[in-house]
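For the sequence shown, the numbering used here begins at 396 and goes up steadily by one. Quick notes on the structure that follows.
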Amino acid sequence: MLEIGFGMGEATAQMAAADPGTNILAVDVHTPGQGNLLSLADRGGLTNIRVGNGDAIILLREMLPPDSLAGLRVYFPDPWPKKRHHKRRLIQPEFLGLAATRLRPGALVHCATDWEPYAEQMLEVLTAHPGFANTRADGGFAPRPGFRPLTRFEGQGLDKGHVVNDLLFRRVQHEGRRNH
Ligand SMILES: C[S@@+](CC[C@H](N)C(=O)[O-])C[C@H]1O[C@@H](n2cnc3c(N)ncnc32)[C@H](O)[C@@H]1O
Numbered sequence: 396m397l398e399i400g401f402g403m404g405e406a407t408a409q410m411a412a413a414d415p416g417t418n419i420l421a422v423d424v425h426t427p428g429q430g431n432l433l434s435l436a437d438r439g440g441l442t443n444i445r446v447g448n449g450d451a452i453i454l455l456r457e458m459l460p461p462d463s464l465a466g467l468r469v470y471f472p473d474p475w476p477k478k479r480h481h482k483r484r485l486i487q488p489e490f491l492g493l494a495a496t497r498l499r500p501g502a503l504v505h506c507a508t509d510w511e512p513y514a515e516q517m518l519e520v521l522t523a524h525p526g527f528a529n530t531r532a533d534g535g536f537a538p539r540p541g542f543r544p545l546t547r548f549e550g551q552g553l554d555k556g557h558v559v560n561d562l563l564f565r566r567v568q569h570e571g572r573r574n575h
């Protein structure tokens with residue numbers, strides 16, 4: 396299970412403790428957060444967390460083989476609210492194309508954001524990608540599943556009155572699929 400952008404890692408450590416049968420690879424560029432998560436794992440005696448130091452795109456593209464992931468979690472990625480910065484957002488068609496090759500069929504893709512225009516963008520690009528299917532019959536957002544704790548960044552958003560949306564999609568096999 397790959398988690399991209401775990402921040403200070405509190406939610407990651409909680410999920411790892413609650414689900415010892417799942418091995419979590421958590422990647423972030425933020426060094427103090429990496430130290431914090433390693434320390435939480437150590438103190439909690441958690442053996443199912445590995446921490447990656449660096450850019451998730453490089454990890455996905457250069458270090459993970461096709462079909463190697465049972466799931467992907469992206470919780471409160473940087474929203475980049477200004478229009479000229481939208482291209483910096485993580486959840487884009489190109490990223491999904493790369494992620495799709497690393498996720499095995501049936502893998503769950505779970506995103507959450509407190510920035511509503513980004514939530515709409517996530518829904519649009521995930522729905523448009525032939526390699527993913529919405530787990531919601533109504534094709535919309537999902538309620539926060541019980542396994543996802545509130546995150547630090549989410550708490551800050553809620554304090555500002557932001558609305559949080561979760562998205563739960565499944566990796567589906569499709570014709571013409573290529574692993575590259
Ligand atoms: C807004 S914070 C959210 C942190 C945490 N998920 C939470 O909800 O509290 C986004 C995180 O994504 C990380 N990040 C941004 N781009 C990244 C990338 N390309 N690869 C790995 N981590 C990234 C940032 O360093 C930051 O810790």
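Just so you know, even glycine gets a beta-carbon here, dropped at the ideal spot from N, CA and C. For clarity, every value in this text was computed on a predicted model and none was experimentally measured.
{"Asked": "Limits of the unbroken alpha helix (DSSP H) element including A408", "Found": "E405 to A413"}
{"Asked": "Extent of the continuous beta strand (DSSP E) run through N418", "Found": "That residue, N418, is in no beta strand (DSSP E); it is neither H nor E in DSSP."}
{"Asked": "Run of the alpha helix (DSSP H) containing D554, from where it starts to where it stops", "Found": "R547 to D554"}
{"Asked": "9 angstroms Cβ cutoff met for G400 and F471", "Found": "yes"}
{"Asked": "Residue nearest to Q634 in terms of C-alpha spacing, selected from T546, Q551 and D561", "Found": "Within the shown structure, residues of the chain are numbered from 396 to 575, placing residue 634 beyond reach of any answer."}
{"Asked": "Expected contact under 8 angstroms - CB spacing of G501 and R566 to nearest Å", "Found": "6 angstroms"}
{"Asked": "Residue range of the alpha helix (DSSP H) that includes M468", "Found": "Contrary to the premise, residue 468 reads as Arg rather than Met in this sequence. First-last for R468: L464 to Y470, but that is the beta strand (DSSP E), not the alpha helix (DSSP H)."}
{"Asked": "Residues of its chain near F542, where Cβ-Cβ distance is below 8 angstroms and the 5 sequence neighbours each way are ignored", "Found": "M410, A413 and D414"}
{"Asked": "Option nearest V424 by Cα separation, candidates G416, V446 and L435", "Found": "V446"}
{"Asked": "Closest by C-alpha distance to P540, when choosing among A514, N560, D533 and G550", "Found": "N560"}
{"Asked": "Residues near H481 by beta carbon distance below 7 angstroms, same chain, minus five either side", "Found": "W475"}
{"Asked": "A507 versus V469 - alpha carbon distance", "Found": "7 angstroms"}
{"Asked": "CB contact below 9 angstroms: Y513 versus chain B", "Found": "The chain labelled as chain B is not found in the depicted structure, where only one protein chain is given."}
{"Asked": "Alpha helix (DSSP H) segment containing F490, residue limits", "Found": "P488 to R497"}
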